[in-house]
Every structure is written in structure tokens, then in C-alpha cells.
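Enquirer:
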Amino acid sequence: MAAKYAINWDLDVFFPGGSRSPEFRRFVEELTRDVGNLEKKIKDLDSAGREERPRDWSKLIGDVQELGKRLRQAGAFVSCLAAQNVKDEQAKLLRGRLTQLYASYGAAMTQLERCILEVPDAEWQELINHPEIQPVAFSLEERRRRSAEQLPPEQEILVGDLAVDGYHAWGELYNTVVGRITIPFEEDGEVKQLSVGQARNKFSSPDRKVREKVFERWQKAWGEHAELFASALNHLGGFRLNLYRHRGWDSVLKEPLDNNRMTQETLETMWGVIDRNKERLIPYFERKAKLLGLDVLRWRDLDAPIPGGERSVSYDEAADFIIEQFGHFDPNLADFARTAFENRWIEAEDRPNKRPGGFCTAFPVSGQSRIFMTFGGTTGNISTLAHELGHAYHQQVIGDLPYWSQLYPLNLAETASTFAEMIVTDAAIRHASSDAERLGLLEEKLQRAAAFFMDIRARFLFETRFYDERKEGPVSVDRLGELMVAAQREAFADALGDYDSTFWASKLHFYITGQPFYNFPYTFGFLFSAGIYARAQKEGASFAKKYADLLRDTGRMNVEDLAAHHLGVDLRRPEFWQSAVDEVLSDVELFLRLSEKG
């Protein structure tokens with residue numbers, strides 16, 4: 001029987017021909033020309049009189065936003081090309097060209113921010129209250145404030161230019177090395193060379209021998225390249241520390257907190273609540289170990305399914321189930337998901353040469369998104385698919401806003417995705433055909449709770465301590481492994497039998513140059529969504545409109561104001577976080593009760 005939904009995405013609708021697309025080449029050439037002209041347009045602002053200033057600023061801001069959308073469209077296309085085939089050398093060259101283009105755009109934006117900073121306060125208030133400019137006032141105020149905290153424009157431009165072949169190049173080196181890594185694995189009588197994405201999926205195998213074998217070879221593969229990864233990580237950290245020092249920034253958390261539009265007080269409150277509650281997960285670990293026939297749970301067992309509940313799901317079944325469950329919350333969400341499946345927005349094939357992990361990226365000029373993942377038929381894959389569709393829906397909800405008002409931070413990016421995932425997972429638990437299946441689905445939910453409360457906490461602790469030591473000089477491979485294991489022990493309350501000393505090398509998030517501390521925003525988004533989800537369950541169908549309204553404001557409020565305005569809560573106090581943690585950990589008791597016979 002023919003498949004209902006295609007398992008590969010359609011990129012030709014944007015630019016036919018893949019990485020050698022003539023249309024894309026022309027698009028980039030036009031973009032390069034327009035970015036080059038932007039600096040002159042910004043300089044012309046200086047010659048504008050006070051009366052003409054609102055008109056001139058409005059025109060320029062419109063041009064800058066349109067350029068930003070086109071840049072994002074180009075970046076999304078290249079990211080998709082590089083993800084679908086890590087051996088696409090032309091895609092790597094395109095990425096290098098776009099990195100330079102982003103640097104040029106960034107230089108022009110630095111000049112614009114200098115102009116923003118130089119407008120006298122009285123005139124500034126008059127300017128941002130102008131009807132044509134007011135819709136992006138939040139973004140302009142943010143840019144004015146951040147500009148005051150940076151180096152002089154000429155120096156910031158130099159930093160951006162040098163970062164192309166320095167800072168960002170180390171991130172690219174990491175991606176290049178990862179693309180060459182294969183994990184040998186014997187299957188069906190032959191040895192297959194698995195990509196790291198395919199190998200990562202094996203940690204969800206119900207066969208412990210498979211997990212043991214893959215974990216051993218996984219660590220060996222990352223260990224063989226550890227010196228290169230350590231060089232990349234040290235240079236990325238050194239670049240940031242030196243830049244922060246010259247800017248006069250004392251804390252390595254300043255940039256990620258600014259990027260996520262949240263205060264350190266909120267972050268510390270969230271982590272404090274988690275640390276006070278994480279041991280409530282230990283009975284789950286102990287019961288899972290017992291169900292797996294183990295004396296203690298080990299790192300390679302964290303993603304393993306418990307016996308009896310596992311089942312294989314086809315891609316079509318997963319798609320139809322997601323659409324149906326989304327519809328119970330909001331028909332608009334279901335219609336959107338159906339559009340994504342039917343119009344080939346999703347790349348889900350399980351094949352070699354794909355990069356690991358999953359993501360959703362927006363094509364704002366086209367008003368579409370694309371989702372990347374590797375679908376292996378597990379119920380966990382359904383959750384991932386729902387998660388990424390949540391990201392795409394978020395973009396759809398805000399797509400008609402000014403481009404700057406669409407630029408929500410990473411921590412709020414996780415709001416819609418985690419919310420969508422919760423809808424589907426809870427529905428799967430309700431529709432389970434047996435206690436064994438229900439137990440398996442509950443276990444997957446608790447896996448994610450452990451990931452957000454413990455695994456990501458370990459990443460945060462590791463990265464914080466790495467930067468502390470990096471201030472004194474490069475950190476060795478052995479020391480990186482020690483820091484990683486110490487962070488994992490602390491975050492997991494030393495409840496596991498062993499840990500992964502190579503995790504600092506295998507986790508892409510440590511090497512992303514666009515976002516330092518690519519960890520705590522995920523925990524924030526998970527818990528923030530849990531709180532919103534609890535509210536949705538309480539209020540019923542009427543909440544769908546409130547939810548969409550909240551999403552629409554994610555690019556034009558800081559997180560504390562967003563929560564206060566739409567939920568009536570103070571994120572700097574522990575009450576909201578505790579209620580969200582309680583919502584998540586309520587599954588532990590049910591899991592223990594259902595697994596009593598095990």
C-alpha cells in the first residue's frame with residue numbers, strides 16, 4: 001500500500017536544484033548587493049532633518065527587516081541542505097559565503113545601532129511613538145540598550161569580520177569532523193557504518209546488548225577525535241571570554257541571558273526549584289532499572305524503553321495521530337499540521353549521511369517552515385515530530401507581524417514545541433491499548449523530565465565550570481572529561497551507575513556559535529510549557545485563543561513581562577516553577593503504581 005505522506009521534504013519549491021541551484025545563486029547575489037548598499041542608506045540618516053526623521057527611519061527599518069527575512073530564508077535553505085547530506089561539499093561552501101554575508105549585515109546593523117544610540121532621549125521617545133515605528137518599538141529599545149553596552153562600532157565591526165574565519169570557523173570545523181564520523185555496527189549479518197544520528201537512535205533499542213555495543217563504539221569514535229573537539233571548544237570559549245573582557249562584561253551569562261530576554265534572578269530561581277526537587281526522580285530510575293533487569297541504571301540505559309510497552313509506528317500512523325490530537329486542542333493547529341505533512345515540509349527518512357538530531361527552520365519570505373528529523377518508528381519519534389511541528393506552528397502564528405517582532409528568544413521558542421509534544425504524549429497515554437503500553441509512554445515522559453531537570457542541568461554546570469577554568473588557559477581533553485562526569489554526577493544526584501565522559505565532544509550544542517549556553521533555555525521552555533499546559537487543561541477550549549495571543553507576544557516582550565501579562569505570574573519567585581515541576585513529576589507516582597508488578 002502506498003504511503004499517505006511523503007517522508008522527504010520539498011526544498012525545490014524555494015530554490016530548484018539543491019546546492020547547485022541557479023535560482024539560489026541569483027538570490028544570494030541580489031542579497032549581497034542589497035546588504036552592500038545598506039551601509040550607505042544608514043549613513044544617509046545623519047543628513048535627515050528632525051521633521052523628516054520619522055519618515056526616513058520608518059523606510060530604513062522596513063528595508064532592514066526585509067533584508068533580515070531574505071537572509072534568514074537563505075540561511076534556512078543552506079541549513080537544510082547541510083543537514084540532509086553532511087557530505088554535500090557545495091552546501092558547506094554556501095554556508096561559508098552566507099557567514100560572510102551575515103557578517104556584512106551585522107556590520108551594517110552595528111552602524112544602525114550607533115545611530116539609534118546617538119538620537120537624543122527626547123527625540124528618541126518621539127521617534128519610537130511614531131505610528132509607523134511603534135510596532136517595532138520593543139526591538140528598537142532593546143537595540144539601543146545593548147548598543148550602549150558594546151564596544152565602539154568600528155571595533156564591533158572588526159570583531160564580526162574576524163569572527164568569520166575565527167570564531168565561526170571553529171564551529172564549522174566541528175560540523176566537518178562530525179560529518180566524517182561513522183560508528184560500525186553489525187546488523188542482519190553485515191557491518192554497517194552508521195552516521196552519528198543513526199547510532200544515537202540505537203540508544204533507544206530495547207536490546208541492552210545493542211546499547212552496550214553502540215555505547216562502547218560511540219565513546220571510542222568521539223574519543224578518537226577528542227583533541228580536535230577540545231581545540232574547537234577551547235577556541236570558542238577563548239574568543240567569547242576575550243570579547244566579553246573587552247566589552248567590560250564580568251559574567252559569561254550576560255550574553256545568553258540578554259539573548260533569552262530574562263534575568264539571572266529568574267534563571268537561579270528555576271534551577272533552585274529543580275535542584276530541590278530532582279531527587280523525586282530517583283524512585284523512577286530505581287524502578288526502571290528493576291524493569292530492565294539491572295542493578296542500577298547506567299548512562300546508556302537512559303533512553304531505553306521498558307519491556308512490554310514498545311511498539312513500532314509507521315510514519316503515516318504518527319502523522320494521523322498528531323493531526324487528530326492537535327485538533328482536540330485547536331482545529332487551527334490540526335489544519336496547520338495537515339498542511340505540513342501534505343505539502344512535504346518534513347524530512348524524516350532514516351538513511352546514512354544525515355546530521356544527527358532534529359530542528360525546525362523558518363522560510364519567512366515564503367511563509368513556510370521545514371522540519372528535519374530521523375524517523376525510526378518509535379513512539380519517541382512521534383513526540384519529536386510533534387515537538388518540531390510546535391515550532392513551525394509558532395512561526396505560523398507570528399508570520400504576519402513585522403520581522404523584528406517575530407524574533408523570539410530560544411527559551412520561548414521551546415514554549416510551543418514542548419506544548420505540542422505534551423498534547424500528543426498525554427493523548428497517547430490515554431489511548432494506550434494496555435497498561436504495558438501506557439507504562440511505556442509514561443516512561444518516555446519521565447525520560448524527558450530527567451533530560452530537562454538533570455541532563456541539561458549537567459550541561460549548564462559543565463559549561464559554567466569550563467568557562468571558569470578556561471579563563472586560566474586551555475582545558476585539556478582529560479580535564480574536560482572530568483568536568484563532564486562531575487557535572488553529570490551532581491545533576492543526576494549520583495543516581496546512575498556510570499556517566500558519559502565524552503558527552504562534551506558529542507553534544508553539538510556546545511559548539512553552536514550563534515547561541516552560548518545552548519542549554520538552560522530548553523529547561524525553561526519545558527517548564528514554562530508545563531505551566532501553560534496545566535492552565536490549558538483547566539480552562540479548556542477557550543484557552544486556545546489565549547495561547548495564540550501569548551505566542552504572538554514572544555518576540556516583543558521579555559519573559560518576565562510575558563508571563564505576568566498572559567499568565568499573571570512572577571517568574572522570579574518559586575511558586576510558578578514549583579507548580580510546573582509538580583505537574584511534571586506527578587507522573588512518577590502513576591509510573592510506580594502501574595509498574596508495581598514489575
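Per full-length UniProt numbering, numbering through the sequence shown is continuous, rising by one, with the last residue being 598.
Glycine included, C-beta positions come from ideal geometry on N, C-alpha and C.
How about Ala318: is its Cβ closer than 6 Å to a heavy atom in the ligand ATP?
Expert: The model on display carries no ligand, and the ligand ATP is accordingly not part of it.
Enquirer: Can you tell me whether DSSP reads Phe576 as helix, strand or coil?
Expert: Numbered from its first residue, the sequence shown carries residue 576 at position 576. DSSP places Phe576 in helix when its eight states are reduced to three.
Enquirer: By a C-beta neighbour count over all protein chains shown, 10 Å radius and 16 as the cutoff for buried, is Pro364 buried or exposed?
Expert: Against the sequence shown, residue 364 aligns to sequence position 364. Buried, by the Cβ-count rule.
Enquirer: DSSP state of Pro184, grouped into three classes?
Expert: Against the sequence shown, residue 184 aligns to sequence position 184. In this structure, Pro184 counts as strand in the three-state DSSP scheme.
Enquirer: Please report the distance separating the alpha-carbon of Gly17 from that of Lys87.
Expert: Locating residue 17 in the sequence shown gives position 17, where the first residue counts as 1. Locating residue 87 in the sequence shown gives position 87, where the first residue counts as 1. Each residue's Cα considered, the two are about 16 Å apart.
Enquirer: Grouping DSSP H, G and I as helix and E and B as strand, with all else coil, what is Arg300?
Expert: The count along the sequence shown starts at 1 and reaches residue 300 at position 300. Helix.
Enquirer: Apply the 10 Å Cβ neighbour rule to Gly555 and answer buried if 16 or more other Cβ atoms are within range, or exposed otherwise.
Expert: In the sequence shown, counting from the first residue as 1, residue 555 sits at position 555. Label assigned to Gly555: buried.
Enquirer: State the start and end residues of the unbroken beta strand (DSSP E) segment that holds Ser204.
Expert: Position 204 of the sequence shown, counting from 1, holds the residue named residue 204. Careful: Ser204 lies outside any beta strand (DSSP E) and carries neither H nor E.
Enquirer: Roughly how far, in whole angstroms, is the beta-carbon of Leu286 from the beta-carbon of Pro516, given that I think they are within contact range, below 8 Å?
Expert: As a position in the sequence shown, residue 286 is number 286, starting the count at 1. As a position in the sequence shown, residue 516 is number 516, starting the count at 1. For the sequence presented, residue 286 should be read as Glu rather than Leu. With a Cβ gap of about 36 Å, Glu286 and Pro516 do not count as contacting.
Enquirer: With burial defined as no fewer than 16 other Cβ atoms inside 10 Å of the residue's Cβ, what is the status of Gly531: buried or exposed?
Expert: As a position in the sequence shown, residue 531 is number 531, starting the count at 1. Around the beta carbon of Gly531, 16 or more other beta carbons lie within 10 angstroms, which makes this residue buried.
Enquirer: With 16 other CB atoms within 10 Å as the buried threshold, where does Lys43 fall?
Expert: Position 43 of the sequence shown, counted from the start, is the residue given in the question as residue 43. The residue is exposed, with fewer than 16 neighbouring Cβ atoms inside 10 Å.
Enquirer: Considering only residues of the same chain and omitting the five flanking positions on each side of Tyr105, which have a CB-CB separation below 8 Å?
Expert: Stepping through the sequence shown from its first residue, residue 105 is reached at position 105. Excluding positions up to five away in sequence, the list reads Val35, Leu38, Leu67, Gly68, Leu71.
Enquirer: If I measure Cβ to Cβ from Gln90 and keep anything under 7 Å in the same chain, skipping five residues before and after, which residues do I get?
Expert: What you label residue 90 is simply residue 90 of the sequence shown in a count that begins at 1. Exclusion of the five residues before and after Gln90 leaves Ser19, Arg20 as the residues of its chain whose Cβ lies within less than 7 Å of its Cβ.
Enquirer: Starting from Glu52, trace the beta strand (DSSP E) both ways and give me its first and last residue.
Expert: Taking the sequence shown and counting its residues from 1, the one referred to as residue 52 is at position 52. Neither: Glu52 is in no beta strand (DSSP E) and is coded neither H nor E.
Enquirer: Which residue from Val196, Leu241, Lys202 puts its Cα closest to that of Ala221?
Expert: Taking the sequence shown and counting its residues from 1, the one referred to as residue 221 is at position 221. Comparing alpha-carbon positions, the option among Val196, Leu241, Lys202 lying closest to Ala221 turns out to be Val196.
Enquirer: Based on Cα-Cα distance, which residue from Glu444, Phe524, Gln368 lies nearest to Ala416?
Expert: Taking the first residue of the sequence shown as position 1, residue 416 is located at position 416. Here the closest residue by C-alpha is Phe524.
Enquirer: What does the Cβ neighbour count give for Pro152, buried or exposed, with the cut at 16 atoms within 10 Å?
Expert: Position 152 of the sequence shown, counted from the start, is the residue given in the question as residue 152. Pro152 is exposed by the Cβ-count criterion.
Enquirer: If contact is defined by three or more beta carbon pairs under 8 Å, each pair taking one atom from either stretch, is the stretch 235 to 247 in contact with the stretch 154 to 168?
Expert: yes
Enquirer: Just how far apart, CA to CA, sit Leu483 and Leu236?
Expert: Along the sequence shown, one-based indexing puts residue 483 at 483. Along the sequence shown, one-based indexing puts residue 236 at 236. Answer to the nearest angstrom: the Cα atoms are 17 Å apart.
Enquirer: Please state if the CB of Ala3 and the CB of residue 639 are separated by a distance shorter than 7 Å.
Expert: There is simply no residue 639 to check, as the chain begins at 1 and stops at 598 in what is shown.
Enquirer: Closest to Leu389 by CA distance: which of Ala362, Arg55, Trp404, Thr379 is it?
Expert: Residue 389 sits at position 389 when you count from the first residue of the sequence shown. Here the closest residue by C-alpha is Ala362.
Enquirer: Which residue or residues does DSSP assign as beta-bridge partners of Ile346?
Expert: Residue mapping note: residue 346 aligns to position 346 of the sequence shown, counting from 1. In the DSSP assignment, Ile346 is bridged to Ile371.
Enquirer: Report the rounded CA-to-CA distance for Arg145 versus Glu29, giving the unit in angstroms.
Expert: Here residue 145 refers to the residue found at position 145 of the sequence shown. Here residue 29 refers to the residue found at position 29 of the sequence shown. Looking at the two C-alpha atoms, the distance is approximately 33 Å.
Enquirer: Note down the Cα distance separating Thr374 from Trp124, rounded to an integer number of angstroms.
Expert: Here the question's residue 374 lines up with position 374 in the sequence shown. Here the question's residue 124 lines up with position 124 in the sequence shown. If you draw a straight line from the Cα of Thr374 to the Cα of Trp124, it is about 49 Å long.
Enquirer: Pop quiz: His509 and Arg459 are said to be a contact at Cβ under 8 Å. What is the actual Cβ separation, rounded to whole angstroms?
Expert: Taking the first residue of the sequence shown as 1, we reach residue 509 at position 509. Taking the first residue of the sequence shown as 1, we reach residue 459 at position 459. With a Cβ gap of about 7 Å, His509 and Arg459 count as contacting.
Enquirer: Cα separation between Gln578 and Ser586?
Expert: Numbered from its first residue, the sequence shown carries residue 578 at position 578. Numbered from its first residue, the sequence shown carries residue 586 at position 586. Spanning the two alpha carbons is a distance of roughly 12 Å.
Enquirer: Under three-state DSSP, which class holds Ala362?
Expert: Translated into positions along the sequence shown, residue 362 becomes position 362. It is a strand residue.
Enquirer: Check the DSSP bridge columns for Asn190 and list the partner residues they point to.
Expert: Position 190 of the sequence shown, counted from the start, is the residue given in the question as residue 190. Rather than Asn, the amino acid found at residue 190 in this sequence is Glu. In DSSP, Glu190 forms a bridge with Glu187.
Enquirer: Please check the pair Gly481 and Ser506, which I expect to be a contact at CB under 8 Å, by giving their CB distance rounded to whole angstroms.
Expert: One-based indexing of the sequence shown puts residue 481 at position 481. One-based indexing of the sequence shown puts residue 506 at position 506. So it is not a contact: roughly 12 Å between Cβ atoms.
Enquirer: Reducing DSSP to helix, strand and coil, say where Ser312 ends up.
Expert: By one-based count along the sequence shown, residue 312 stands at place 312. DSSP places Ser312 in coil when its eight states are reduced to three.
Enquirer: For the alpha helix (DSSP H) containing Val273, name the first residue and the last one.
Expert: As a position in the sequence shown, residue 273 is number 273, starting the count at 1. Per DSSP, Val273 belongs to the alpha helix (DSSP H) from 264 to 277.
Enquirer: Quick one, which of Asn260, Pro409, Gln198 has its alpha-carbon nearest Asn381's?
Expert: As a first step, residue 381 is located in the sequence shown; it is residue number 381 there, counting from the start. Ranking the options by Cα distance to Asn381, first place goes to Gln198.
Enquirer: Please report the Cβ distance between Ala386 and Val424, rounded to the nearest whole angstrom; I am assuming they are in contact, meaning their Cβ atoms lie under 8 Å.
Expert: In the sequence shown, residue 386 corresponds to position 386, counting from 1. In the sequence shown, residue 424 corresponds to position 424, counting from 1. That pair is a contact at about 4 Å.
Enquirer: Can you give the Cα-Cα distance for Ala6 and Thr176, rounded to whole angstroms?
Expert: For the purposes of this step, residue 6 is taken as residue 6 along the sequence shown, with counting starting at 1. For the purposes of this step, residue 176 is taken as residue 176 along the sequence shown, with counting starting at 1. Going from the Cα of Ala6 to the Cα of Thr176 covers about 29 Å.
Enquirer: Just curious, the alpha helix (DSSP H) that Arg280 is in, first and last residue?
Expert: Along the sequence shown, read from residue 1 onward, the residue named residue 280 stands at position 280. Looking at the DSSP string, Arg280 is not in any alpha helix (DSSP H), and its letter there is neither H nor E.
Enquirer: What's the C-alpha gap between residue 632 and Arg448?
Expert: Missing from the structure shown is residue 632; the chain here goes from 1 to 598 and no further.
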